[in-house]
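Residue numbers for the sequence shown follow the working numbering, beginning at 3 and rising by one. Backbone N, C-alpha and C define an ideal beta-carbon position, used for all residues, glycine too. This structure is a prediction, so every number in the text was calculated from the model and none was measured. For reference, the structure is listed below as structure tokens.
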Amino acid sequence: MAQAHMLLLLSNSIDGTADILVELCRERGVAVFRFNIDLWTRYRFAWTADGFRFDDPTGRSVASEDVTAVLWRRPSLRDTPEWEGGSPEDRAATEAELQTIVREIGDWARARGLLRLIEPSGPRRVGRLAQMRVARDLFPTPEWAVGWGVRWPPGRRMVKRLTTESVGEGRDAYIFVQSVETERLSPNWPWLIQEIAPAERDATVLYVAGRCFGFEMERTRADLGVEDWRIRNGAHDDPWRPWSLPEGLAATIDVYMKRLGLLFGRLDFLIDGATTTFLEVNPNGQFGWLDEPGAWPLHHAVLTAALDPAMAIDGSATTVET
3 MAQAHMLLLL
13 SNSIDGTADI
23 LVELCRERGV
33 AVFRFNIDLW
43 TRYRFAWTAD
53 GFRFDDPTGR
63 SVASEDVTAV
73 LWRRPSLRDT
83 PEWEGGSPED
93 RAATEAELQT
103 IVREIGDWAR
113 ARGLLRLIEP
123 SGPRRVGRLA
133 QMRVARDLFP
143 TPEWAVGWGV
153 RWPPGRRMVK
163 RLTTESVGEG
173 RDAYIFVQSV
183 ETERLSPNWP
193 WLIQEIAPAE
203 RDATVLYVAG
213 RCFGFEMERT
223 RADLGVEDWR
233 IRNGAHDDPW
243 RPWSLPEGLA
253 ATIDVYMKRL
263 GLLFGRLDFL
273 IDGATTTFLE
283 VNPNGQFGWL
293 DEPGAWPLHH
303 AVLTAALDPA
313 MAIDGSATTV
323 ET
């Protein structure tokens, strides 16, 4: 008799996608245990050589021997309410320990073929430069450059960050995509700049285990008065609509993601007439705002893949460049 599913969902309390996945598990009759890292003080946890066990605030528990799949959603303390206790230094040290424990759980799951769909190290393993180098073989791509100690050619370009991690003394500041005149960039700092490609509107594709779900912004860039929708505050609140991918694009995306060794990601594109230009891929991209409430086809696709042993993250994935 096949073992019943027990999904361990690693996330935080502000993750709306995790909320929906838990509800879909309930509808499907799939057992799920959710660990919200920012609410860690409300849980009990013990890990010994014999395995680990979680107890949640409602009295539910899960033991490692019962776990059949682990999904790495967003076990991050970023933007979450600050938990109380200790000095700022104590909290920083504790949070570092918590992040390490969660990564160890991910490694434990990977070693047993239980870590599914989303690779925790994906954003670091598949960085922006690797993305662009591989994409150039398959898609139209904007020209890019990275470096310091040099003066860039004059003109307006997009400035992007190489890392997605927060910065600043409190690790609570972020640098978002923005357009600048490159002659204003100081040569004393490292910069990643990208050509501003011509486009009518922005598009994004959610890739889930070989399936592509396309969406485009309802409003054009001219309507929005921007050079890139990512520079807008609250850009996810702008209306999006389903997008039928041009012939052959889904197959090309599949080849691209296989070269990167990714089973999941959200890819951003530009649409300009018959030309679809690649911008970037987020190996653990948000997608909740794109889904259809009630039916939740995107969330269903993610949950189905997370429960599929064929979608295991085995840790052997590498980026294939030609």
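Would DSSP call residue i helix, strand or coil?
i    : result
W146 : strand
V32  : coil
V322 : coil
E220 : coil
D57  : strand
N14  : coil
L187 : coil
V72  : strand
V277 : Going by the sequence as given, residue 277 is Thr instead of Val. Three-state result, T277: strand.
T19  : helix
L117 : strand
L247 : coil
R213 : strand
L226 : helix
L79  : coil
V304 : helix
What does residue i pair with, by DSSP beta-bridge criteria?
i    : result
L194 : V148 and K162
D270 : T206 and E282
C27  : Note: C27 sits in no beta bridge, so no partner.
Q180 : V161
A48  : R55
M8   : A33
Starting from residue i and walking both ways along the alpha helix (DSSP H), at which residues does that stretch end?
i    : result
G61  : That residue, G61, is in no alpha helix (DSSP H); it is neither H nor E in DSSP.
M313 : Where M313 is concerned, there is no enclosing alpha helix (DSSP H), given that its DSSP letter is neither H nor E.
W110 : P90 to A113
L131 : R130 to A137
P125 : G124 to R127
Give me the Cβ distance between residue i and residue j, rounded to the nearest whole Å; I'm assuming they're in contact under 8 Å.
i    : j    : result
F271 : A205 : 5 Å
T254 : A199 : Incorrect: roughly 17 Å between the Cβ atoms, too far for contact.
M160 : V179 : 6 Å
Tell me which residue opens and which closes the beta strand (DSSP E) that residue i is part of.
i    : result
P244 : W242 to P244
Q) Touching or not, the segment 138-156 and the segment 185-195, by the rule of three or more beta carbon pairs under 8 Å? A) yes
**Q.** the segment 43-59 contacting the segment 296-307, beta-carbon criterion three pairs below 8 Å
**A.** no
Q.
Count Cβ pairs between the segment 314-322 and the segment 30-49 that sit closer than 8 Å; are there 3 or more?
A. Touching, no, given that fewer than three Cβ pairs across the two stretches are closer than 8 Å.
Q) On the three-pair Cβ rule with 8 Å, is the segment 96-107 touching the segment 156-166? A) no
Q: Please confirm if the segment 243-259 is in contact with the segment 111-127, defined as three or more CB-CB distances below 8 Å between the two stretches.
A: no
Q. Between the segment 19-37 and the segment 80-98, do at least 3 Cβ pairs fall closer than 8 Å?
A. no
(Q) Does the structure place the segment 273-289 close enough to the segment 110-119 that three or more beta carbon pairs sit under 8 Å? (A) By the criterion of at least three beta-carbon pairs nearer than 8 Å, the segment 110-119 is not in contact with the segment 273-289.
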